[in-house]
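Just so we're aligned: 159 in the UniProt record's numbering is position 159 of the sequence shown, and the numbers increase by one with no gaps anywhere. For glycine and all other residues, C-beta sits at the position ideal for the given N, C-alpha and C. On a predicted model such as this, the values are computed, not experimentally measured, just so you know. See below for the structure under consideration.
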Amino acid sequence: NENGTNVNPGKILEIHKVLSVCVLTTILGCIFGLKPSCAKEVKSCKGRCFERTFGNCRCDAACVDLGNCCLDYQETCIEPGHIWTCNKFRCGEKRLSRNLCSCSDDCKAQGDCCINYGSVCQGEKSWVEETCESIDEPQCPEGFDSPPTLLFSLDGFRAEYLHTWGGLLPVISKLKNCGTYTKNLRPVYPTKTFPNHYSIVTGLYPESHGVIDNKMYDPKMNASFSLKSKEKFNPEWYKGEPIWITAKYQGLKSGTLFWPGSDVTIKGIYPDIYKVYNGSIPFEERILAVLQWLQLPRDERRTRFFRSFIWTSQQ
Numbered sequence: 001n002e003n004g005t006n007v008n009p010g011k012i013l014e015i016h017k018v019l020s021v022c023v024l025t026t027i028l029g030c031i032f033g034l035k036p037s038c039a040k041e042v043k044s045c046k047g048r049c050f051e052r053t054f055g056n057c058r059c060d061a062a063c064v065d066l067g068n069c070c071l072d073y074q075e076t077c078i079e080p081g082h083i084w085t086c087n088k089f090r091c092g093e094k095r096l097s098r099n100l101c102s103c104s105d106d107c108k109a110q111g112d113c114c115i116n117y118g119s120v121c122q123g124e125k126s127w128v129e130e131t132c133e134s135i136d137e138p139q140c141p142e143g144f145d146s147p148p149t150l151l152f153s154l155d156g157f158r159a160e161y162l163h164t165w166g167g168l169l170p171v172i173s174k175l176k177n178c179g180t181y182t183k184n185l186r187p188v189y190p191t192k193t194f195p196n197h198y199s200i201v202t203g204l205y206p207e208s209h210g211v212i213d214n215k216m217y218d219p220k221m222n223a224s225f226s227l228k229s230k231e232k233f234n235p236e237w238y239k240g241e242p243i244w245i246t247a248k249y250q251g252l253k254s255g256t257l258f259w260p261g262s263d264v265t266i267k268g269i270y271p272d273i274y275k276v277y278n279g280s281i282p283f284e285e286r287i288l289a290v291l292q293w294l295q296l297p298r299d300e301r302r303t304r305f306f307r308s309f310i311w312t313s314q315q
């Protein structure tokens with residue numbers, strides 16, 4: 001150096017080694033020290049629902065008791081198990097079997113998309129927003145050799161509702177505007193659920209088909225009829241011939257869901273597909289069940305159904 005002092009090369013090498021170790025230690029410290037910190041920065045449950053991943057917050061069921069759930073735990077992991085629609089936040093979600101419907105990227109392939117998946121997640125125009133389709137000739141839906149017939153009933157839905165509150169009923173209003181409708185109907189007497197619904201499927205007045213009220217007592221049978229009693233399953237109360245029996249006589253197949261009399265062996269016959277009435281099943285799930293029947297694979301429909309379908313569902 002300038003002062004003429006000799007520097008020991010071995011000492012310089014030792015200093016270099018020490019510096020190298022310090023640099024390496026610093027790098028490793030950053031890698032392994034910052035990695036957990038980064039993981040802790042994940043504050044959303046999206047893609048993490050019910051997985052035991054640790055961090056700043058958790059998204060498994062235990063987080064409720066521990067009090068360390070992510071802020072969006074309810075919205076991301078719990079609410080989809082109770083709603084039937086997509087929102088922007090749900091689009092691309094991880095598939096969960098407990099959800100009522102899916103907004104995942106593969107839901108169309110799996111056939112379980114929420115009803116508004118196309119419009120919310122893919123930017124498609126919803127069916128309600130589309131213009132009325134002009135059909136000049138009879139057409140069958142894809143996969144059908146003859147058009148299916150669907151009969152839905154909304155119990156207690158007054159005709160006046162559609163006239164006064166049509167703006168709040170976009171789907172029913174679309175069916176009205178693009179299809180055929182009547183301003184009102186004259187019910188049979190008494191104006192109760194069971195008598196009218198059984199008249200619809202038999203074409204008979206209550207005095208002829210026997211179901212004259214929702215609750216009845218027959219002195220000859222010494223029995224009481226009601227929706228919640230086991231006596232409801234006694235075919236002796238049901239006269240006439242419901243349409244699902246007529247369909248069977250004609251070589252057709254039918255499926256019914258919660259229509260009065262459809263879970264009773266009338267004339268020794270049940271509908272080809274039916275479910276025993278359960279009032280606790282949500283309306284959305286009832287509609288979904290009928291739609292799933294219609295979406296059965298073609299081969300399965302060919303072995304189980306012939307010519308056309310008669311689907312009946314009561315809300």
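Go ahead and pull the three-state DSSP assignment for residue i.
i, result
"Cys38", "Reliability fails at Cys38, whose pLDDT of 48 lies under 50, so the model's placement of it is uncertain and no value is given."
"Leu71", "coil"
"Asp218", "strand"
"Tyr277", "coil"
"Leu296", "coil"
"residue 319", "A query on residue 319 cannot be resolved here, the shown segment of the chain reaching from 1 to 315 and no further."
"Phe225", "strand"
"Arg58", "strand"
"Ile78", "helix"
"Ile212", "coil"
Do residue i and residue j have their CB atoms nearer than 9 Å?
i, j, result
"residue 316", "Pro297", "Missing from the structure shown is residue 316; the chain here goes from 1 to 315 and no further."
"Tyr277", "Leu204", "no"
"Gly261", "Val201", "yes"
"Cys70", "Arg58", "yes"
"Cys103", "Pro138", "no"
"Cys114", "Thr76", "no"
"residue 316", "Cys101", "Absent from the structure is residue 316, since the part of the chain shown begins at 1 and ends at 315."
"Thr256", "Ile273", "yes"
"Asp218", "Trp237", "yes"
"Gly143", "Lys94", "no"
"Lys230", "Phe258", "no"
"Ala159", "Lys174", "no"
"Asn177", "Cys132", "yes"
"Thr265", "Phe233", "yes"
"Leu291", "Pro148", "no"
"Cys63", "Leu96", "no"
Return the first residue and the last residue of the alpha helix (DSSP H) that residue i is part of.
i, result
"Thr246", "Ile243 to Tyr249"
"Gly255", "Looking at the DSSP string, Gly255 is not in any alpha helix (DSSP H); the run it does join, the beta strand (DSSP E), is Lys253 to Leu257."
"Ile172", "Pro170 to Cys178"
"Phe194", "Thr193 to Thr202"
"Ser44", "Unbroken run through Ser44: none, as it is neither H nor E."
"Cys132", "It is not in any alpha helix (DSSP H) - Cys132 carries neither H nor E in the DSSP assignment."
"Glu207", "Pro206 to His209"
So residue i is in the beta strand (DSSP E); what residue range does that whole segment cover?
i, result
"Pro150", "Position check: residue 150 holds Leu in this sequence, whereas Pro was assumed. Counting along the chain, the beta strand (DSSP E) containing Leu150 begins and ends at Thr149 to Ser153."
Unbroken alpha helix (DSSP H) runs of length 4 or more, entirely within the UniProt domain "SMB" (82-126): which are they? 107-110 and 117-121
If you pair each beta-carbon of the segment 117-125 with each one of the segment 85-94, do three or more pairs fall below 8 Å? With the cut-off at 8 Å, the segment 117-125 and the segment 85-94 touch.
Evaluate the contact criterion for the segment 186-201 versus the segment 210-225: three or more CB pairs, one atom per stretch, below 8 Å. Yes: at least three Cβ pairs fall under 8 Å.
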